[in-house]
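Heads up, the thing below is written out as structure tokens.
Residue numbers (this note's numbering): 552 to 1236.
Here it is, written out as structure tokens:
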């Protein structure tokens, strides 16, 4: 293994959490040494894009995620990905600085569209429901489409087939977990079965009770909530060629939170500290796969509907009541064909998608305000493998009808292209490059500001966001370096994204940055609020490096990620809805794991994020966080698994650079929890 050197200011243990690996191409996908190291694993197939430019976190293999209550507990291990927000009602995914309003986020294939309230997150999801999270870091394929400037995150919930043991017809899984910092208690039960060879069923119910926690300095992080999670799934094989499935999942959290949840310790200076609130997501999916004994036909169809809601009742204190909803309904059809020719193998992916997103807002008994947008697209991608060389051209057409009270219902017709290439320069060593054009039509406005046009500047000249994402990199796997069957996986990537016509929301008010918009001309400064295009283009440059060494009982992962955005006129970073710039400091990650025997697994994970100063002189301070854990599976109790750990071991006081961070006012900074002892117990039979 090559020597990796860090600044003398840092010890190895202070350099940050977890591992990242980029998988080899399918022709190198032989058996790997394995420990229970928390790895990021790439889905195995023949696509260069999916092998070297997508990562998947498999929840059961990522030990600390077995106790995850927040998406940051496992997604942060992926270089280039951060999750801000202390509370789960405020968790915000960022990829290379772009938040989830610029990402394609799905749950079991169902798009999670729209923004509800900029002081809260838009991804309402409990990690206990999940099997894996697949992340496209950057948009590198026409298959992602609209609303994916920064890439995509696809969450997948657990199936009965994932839990059933060989020959088992019915089973159950019971789980309990506790976290000391906020007295969080998780209890859940899953029942699953395969009553016949062609039918599988699953039912899950989980409950999570949470009190207020505290940061490293003892400040209270206000929350008193109960959440319920439901997952129902059914699947059936019909004949030899068809599989149909249906699912329903719900995450519902009800309790008392700050009226601005990203100000978790905000004092009572402009209203009540905390008010009753309810956050709920319901997702319905119906899917069908047709895969006959024909290499030209493998059709996946998904029909879905998701509704996310924030319901607030301030109990007649102040003007904080509202009922905000966003509903997305869509269908996606995709066929994969494999064609062998004299010039190589073609994997053709052809698809079509249509979805509609609707926002609805009711406040203080007033009339309901609505808005909607819809998108229709078709795309074709050809993954053409010619021995050691793979070329992947793609093209996509989108027809996007914008929201009436954002862009006057304007319709945008757009064609984008993409091209990727990979070459095996040596055994198990690939170099790759990709270029993808970007398109993003005007999104729904913040639902809480829906007013059917009252006080809104409707921008009929609003342009869609456009640009490109380009990447080059290398990935290699070295084997038998120090002992038999060990492996060292290395990857390096450089990327540049360019975004034109970046869309921003301007509010009215007398505070800095709130200048309003002229209701007639659209000029900055006035009594209306609304969307406008930035008058400068932004670029995002960065690198992502990873090294992962594994033996059968030991694993070590190192990674480094850096992303910087810059406007071509001012040099400012991309603005963030959370109040500070979108950029984060350089992130260093380390993960160590040792399987002492078949019962005990020990690990240490660390994160170091360097400070960063923006163009206005505002500095986000560095932080250094460490976690230790132990996993125990006693031989005497074959079906029992226990995990204990100490998270933020040294009680660091810090705020994620992906969270709201105000260096001049601690009360309006979204600090992370201090030291947290967690324990969980699972019994599966």
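Beta carbons are placed, not taken as given, at the ideal position from N, Cα and C, and that holds for glycine.
Query                                                                                                                             : Result
3-residue-minimum beta strand (DSSP E) runs that sit fully inside the stretch 685-710, ordered along the chain                    : 702-708
The stretch 1128-1138 touching the stretch 1207-1215, judged by at least three CB pairs closer than 8 Å                           : yes
Residue nearest to residue 760 in terms of C-alpha spacing, selected from 804, 725 and 1003                                       : 804
Environment of residue 712 [buried if 16+ CB atoms lie within 10 Å]                                                               : exposed
Among 693, 777, 969 and 715, nearest to residue 830 - alpha-carbon criterion                                                      : 777
Residue nearest to residue 975 in terms of C-alpha spacing, selected from 1068, 690 and 1024                                      : 1024
Residue 1176, buried or exposed, once every other Cβ within 10 Å from all chains shown has been counted against 16                : buried
Length-filtered (3 minimum) beta strand (DSSP E) runs lying within the stretch 781-854                                            : 793-809 and 825-841
Contact belief for residue 692 with residue 1067 at Cβ below 8 Å, rounded distance in angstroms                                   : Not really, about 39 Å apart at Cβ, beyond 8 Å.
Selection from 811, 767, 751 and 794 that minimises the alpha carbon distance to residue 783                                      : 751
Backbone CA spacing between residue 1075 and residue 669 [nearest angstrom]                                                       : 21 Å
Beta-carbon proximity check, residue 809 vs residue 835, cutoff 7 Å                                                               : no
Between the CA atoms of residue 861 and residue 1055 - distance to the nearest angstrom                                           : 23 Å
Supposed close pair residue 826, residue 863 - CB separation, criterion 8 Å                                                       : 6 Å
Same chain only: Cβ atoms within 8 Å of residue 1173, ignoring 5 sequence neighbours per side                                     : 1136, 1159, 1160, 1161 and 1162
Separation of residue 1168 from residue 1065, as counted between CA atoms                                                         : 20 Å
Best match in 1058, 1087 and 1092 for proximity to residue 1077 [C-alpha to C-alpha]                                              : 1058
Contact check, residue 1091 vs residue 1048, beta carbons under 7 Å                                                               : yes
Separation of residue 726 from residue 1002, as counted between CA atoms                                                          : 45 Å
Inter-stretch contact (C-beta, 8 Å, three-pair minimum) for the stretch 674-681 and the stretch 742-758                           : yes
Segment limits, alpha helix (DSSP H) that includes residue 956                                                                    : 955-958
Same chain, Cβ closer than 8 Å to residue 1060, neighbours up to 5 away in sequence not counted                                   : 1067
Collapsed DSSP secondary structure at residue 749 in the structure displayed                                                      : coil
Collapsed DSSP secondary structure at residue 618 in the structure displayed                                                      : helix
Distance CB(residue 886)-CB(residue 850) smaller than 7 Å                                                                         : yes
Buried versus exposed call for residue 937 [16 or more other C-beta atoms within 10 Å across all chains shown]                    : exposed
Assigned secondary structure, residue 1204 (DSSP; H/G/I helix, E/B strand, else coil)                                             : coil
Run of the beta strand (DSSP E) containing residue 1157, from where it starts to where it stops                                   : 1151-1160
With 16 other Cβ atoms within 10 Å as the buried cut-off, status of residue 663                                                   : buried
Complete beta strand (DSSP E) runs within the stretch 1165-1225 (minimum length 3 residues, chain order)                          : 1174-1183 and 1191-1198
Beta-carbon contacts of residue 894 that lie in its chain and below 7 Å, excluding the five residues immediately before and after : 937
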